[in-house]
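A.B. asks: Protein chains in written order, with our numbering: chain A, 865 to 1263; chain B, 5 to 226.
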């Protein structure tokens, strides 16, 4: 609580009310009005100005019903008029002092309030600064987590396409292995028949009769055919394994100088076994200069684009793989006669996680991976498509 | 709490008229100056005004001397009502022994009344007054104007408040004395508890109220 003795509404002593007024000038004025005995004294009787002669008549001065001092002088009728004048003076002075003090109190309170607000604002600003600093850190942490997850997905996508490839290839290899195995067991029977023939000869049987009786002419022809077929089948397996080798270095990339047409040939060979009846895979390879690249990675790009194209055409249509050298760039183009894409879709296909396939059927990272690999080779990849007009992806690689 | 000076036998009671801008605080004081008939009555000190609006405060001193010789002084202050002068309002309010909250009865002033009353509570707390314990009377002024809230509406809205509700028309003087008399009754109860006014100075509640207002019946000045 404010000290009542210091507020603007405190009681003022006469001395305080006269502060700032020249007491000499006041004494001179009073003596002019009330003669040489004129004087002003406070509530305790102490003289403030003029002469305080005990004999002169006195008049009390009141402020709010309280005597604050007295005025003395003569004659008595002038004393009263002079008191009224002094009352007016005191009133004016009191009014002035009260307003001054009130104003000071109000300003001080306003200033305190402002300082308080200022301190609050500073504290609030500090809070926001801390928050901002933390926010950056937290966002950084979240981004790191998301990036980590994305990298995992990205790697998973790479491996997923290899996995798909493996499934297709297993089928391809199983087929020749199947008939080679069957040929070998037939061959086993033929060898047994030759054993029997040999036994007959050793028993002194007629050789020609025995040969014909066992239809060994046919067997011999079939045996040759069977060996030729089996060799072909083994060659096919060898070729597939050779094509597969192009993908073997995905995780330990080594740069090699290659002719990209060979890579395209392998990739086409790998998918050719899975192409439906109504779909034609056309190849138009132009002359290409040797290219220093990561062949395993580029194979993955081509495989990805080719798989997309085959999916786009479905059961019927053409997929064309072409290559050419134009203005210092190798252009590989994989085009399909599928349904094509609307412009808004085409604009987003390279975005991570964008997919038009059902949930679970694609990660939406295939083309992102493809684009990243091509960009890592200093090239770029683009698509030209329209609804109903198919789609053509062009990979441009600087030589 | 009131200023009680045992040595100089003086009790000073500070009463403040508080309320929104132009609700009639100064008019209340001017009518009291006309209507009150205490033993001692000073002139109203009206401080510089701007377009009839109080800048600092008005002060009306009233007083009486008890048989015991105790001088009882009432200092009636008004605060400046304009929103911008809150620091001045708070300074005038500090050390108050009682408050008349003057509300404007006109329907379109309800929000201003509410904001001003809210600020009164805040200012009281900030200047160290216990608002719950502070003697307070709420006066709904300007009853003479059209489109004012009816008394029923006012009572309905303030039914959960414990403060006495008064209705007045300060311009004509109606209810002005009654408002102050009601506040003085509440103030007396507290001061008597603190200073034994009845037993030591022979001042009972009626004498206390009459000492400020005089025994003259309320009259309209217009």
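Beta carbons are placed, not taken as given, at the ideal position from N, Cα and C, and that holds for glycine.
Mind the definition here: the region 205-217 of chain B touches the region 144-154 of chain B only if three or more C-beta pairs lie below 8 angstroms; say whether that holds.
C.D. replies: Touching, no, given that fewer than three Cβ pairs across the two stretches are closer than 8 angstroms.
A.B. asks: Please state whether DSSP places residue 931 of chain A in a helix, a strand or coil.
C.D. replies: Residue 931 of chain A: strand per DSSP, three-state reduction.
A.B. asks: Quick check on residue 913 of chain A: does DSSP put it in helix, strand or coil?
C.D. replies: Strand.
A.B. asks: Closest to residue 43 of chain B by C-alpha separation, out of B:77, B:10, B:24, would be which residue?
C.D. replies: Among B:77, B:10, B:24, the Cα nearest to that of residue 43 of chain B belongs to B:77.
A.B. asks: Please list, in chain order, the chain B residues whose beta carbon lies closer than 7 angstroms to that of residue 871 of chain A.
C.D. replies: By Cβ distance, chain B contributes 98, 99.
A.B. asks: Which bits of chain B does residue 974 of chain A rub up against, with CB to CB less than 8 angstroms?
C.D. replies: Under the 8 angstroms cutoff, chain B gives 91.
A.B. asks: Quick one: which unbroken alpha helix (DSSP H) runs of 4-plus residues sit fully inside the region 64-107 of chain B? Chain order, please.
C.D. replies: Counting whole runs of 4 or more residues, the region 64-107 of chain B contains the alpha helix (DSSP H) stretches 90-97.
A.B. asks: So which residues of chain B does residue 983 of chain A contact, with C-beta pairs closer than 7 angstroms?
C.D. replies: Those do not exist, as residue 983 of chain A stays about 16 angstroms from chain B at its closest Cβ, beyond 7 angstroms.
A.B. asks: Looking only at its chain, what residues have a beta carbon closer than 6 angstroms to the beta carbon of residue 1204 of chain A, apart from the 5 residues adjacent to it on each side?
C.D. replies: Hits under 6 angstroms: 1249, 1250, 1251, 1252, 1253, 1254, 1255.
A.B. asks: Of the residues B:117, B:211, B:99, which one's Cα is nearest the Cα of residue 86 of chain B?
C.D. replies: Out of B:117, B:211, B:99, B:117 has the C-alpha closest to the C-alpha of residue 86 of chain B.
A.B. asks: Going by DSSP in three states, residue 226 of chain B sits in which element: helix, strand or coil?
C.D. replies: Reliability fails at residue 226 of chain B, whose pLDDT of 34 lies under 50, so the model's placement of it is uncertain and the value that follows must be treated cautiously. Residue 226 of chain B: coil per DSSP, three-state reduction.
A.B. asks: Check residue 1260 of chain A in the structure and name its three-state DSSP category.
C.D. replies: Three-state DSSP puts residue 1260 of chain A in a strand.
A.B. asks: Note down, in chain order, each residue of its chain lying with its Cβ closer than 7 angstroms to the Cβ of residue 167 of chain B, except the 5 sequence neighbours on either side.
C.D. replies: So the list reads 140, 141, 142, once near-sequence residues are dropped.
A.B. asks: Looking at the secondary structure, which residues open and close the beta strand (DSSP E) in which residue 1145 of chain A lies?
C.D. replies: Its beta strand (DSSP E) spans residues 1142-1149.
A.B. asks: Which whole runs of the beta strand (DSSP E) in the region 1169-1227 of chain A are 3 residues long or more, in chain order?
C.D. replies: Segments of the beta strand (DSSP E) lying fully in the region 1169-1227 of chain A: 1180-1190, 1193-1200.
A.B. asks: Using the beta-carbon of each residue, which ones in chain B are nearer than 7 angstroms to residue 970 of chain A?
C.D. replies: Correct list: 91, 92, 95.
A.B. asks: Anything in chain A within Cβ reach of residue 18 of chain B, meaning under 8 angstroms, just list it in chain order.
C.D. replies: Chain A residues near residue 18 of chain B: 873.
A.B. asks: Tell me the DSSP secondary structure of residue 1118 of chain A in three-state form.
C.D. replies: Here residue 1118 of chain A sits in coil by DSSP.
A.B. asks: On a Cα-Cα basis, can you pick out the residue from B:162, B:134, B:106, B:6 that is closest to residue 144 of chain B?
C.D. replies: With distances taken between Cα atoms, residue 144 of chain B lies closest to B:106.
A.B. asks: Label residue 210 of chain B either buried or exposed according to how many other C-beta atoms from any shown protein chain fall within 10 Å of its C-beta, with 16 as the threshold for buried.
C.D. replies: Residue 210 of chain B is exposed by the Cβ-count criterion.
A.B. asks: Can you give me the Cβ contacts of residue 1087 of chain A inside the same chain, cut-off strictly under 8 angstroms, excluding the 5 residues immediately before and after it?
C.D. replies: Cβ within range, chain order: 1051, 1054.
A.B. asks: If we count Cβ pairs, one from each stretch, closer than 8 angstroms, do we get three or more for the region 174-190 of chain B versus the region 34-48 of chain B?
C.D. replies: Result yes; three or more Cβ-Cβ pairs closer than 8 angstroms.
A.B. asks: Among residues of its own chain, excluding the 5 on either side of residue 27 of chain B, which ones have a beta-carbon nearer than 7 angstroms to its beta-carbon?
C.D. replies: If we look at residue 27 of chain B and ignore the five residues flanking it on each side, its Cβ neighbours are 85, 106, 107, 108, 145.
A.B. asks: Check this for me: beta carbons of residue 3 of chain B and residue 49 of chain B, under 9 angstroms apart or not?
C.D. replies: Because residue 3 of chain B is not part of the residues shown, which for chain B are 5 to 226, the question remains open.
A.B. asks: Below 7 angstroms on C-beta distance, what does residue 959 of chain A contact in chain B?
C.D. replies: The contacting residues are 49, 51.
A.B. asks: Whole angstroms is fine: what's the gap from residue 1246 of chain A's alpha carbon to residue 1095 of chain A's?
C.D. replies: Their backbone Cα atoms lie some 43 angstroms apart in a straight line.
A.B. asks: Given that a residue counts as buried once 16 or more other Cβ atoms are within 10 Å of its Cβ, and exposed if not, what is residue 60 of chain B?
C.D. replies: The residue in question, residue 60 of chain B, is buried, as its Cβ has 16 or more Cβ neighbours within 10 Å.
A.B. asks: Looking only at its own chain, which residues have a Cβ that is under 7 angstroms from the Cβ of residue 130 of chain B, when we skip the five neighbours before and after it?
C.D. replies: Cβ within range, chain order: 94.
A.B. asks: Please list the partners that residue 65 of chain B has in chain A, where partner means a Cβ-to-Cβ separation under 8 angstroms.
C.D. replies: Ordered by position in chain A, the residues that pass the 8 angstroms Cβ test against residue 65 of chain B are 928, 929.
A.B. asks: If you run the structure through DSSP and keep just helix, strand and coil, what is residue 47 of chain B?
C.D. replies: Correct three-state label for residue 47 of chain B: coil.
A.B. asks: Within the 9 angstroms Cβ cut-off, does residue 102 of chain B reach chain A?
C.D. replies: Output row for residue 102 of chain B: interface = no.
A.B. asks: Does residue 866 of chain A get closer than 9 angstroms to chain B when you measure Cβ to Cβ?
C.D. replies: Reliability of the predicted coordinates at residue 866 of chain A is poor, the pLDDT of 39 falling under 50, and the value obtained from them is presented with this limitation in mind. Chain B, which has a Cβ nearer than 9 angstroms to the Cβ of residue 866 of chain A, makes this yes.
A.B. asks: With a threshold of 6 angstroms on Cβ separation, who are the neighbours of residue 1237 of chain A within its own chain once the five nearest residues in sequence on each side are excluded?
C.D. replies: Result list for residue 1237 of chain A: 1161, 1165, in chain order.
A.B. asks: Please classify residue 23 of chain B as buried or exposed, where buried requires at least 16 neighbouring CB atoms within 10 angstroms.
C.D. replies: Buried, because 16 or more other Cβ atoms sit within 10 Å of the Cβ of residue 23 of chain B.
A.B. asks: Spell out whether any CB of chain A is found under 9 angstroms from the CB atom of residue 161 of chain B.
C.D. replies: Taking Cβ atoms only, chain A never reaches closer than 9 angstroms to residue 161 of chain B, which makes this a no.
A.B. asks: Would you call the CB atoms of residue 1185 of chain A and residue 1177 of chain A closer than 9 angstroms?
C.D. replies: Not closer than 9 angstroms, so no.
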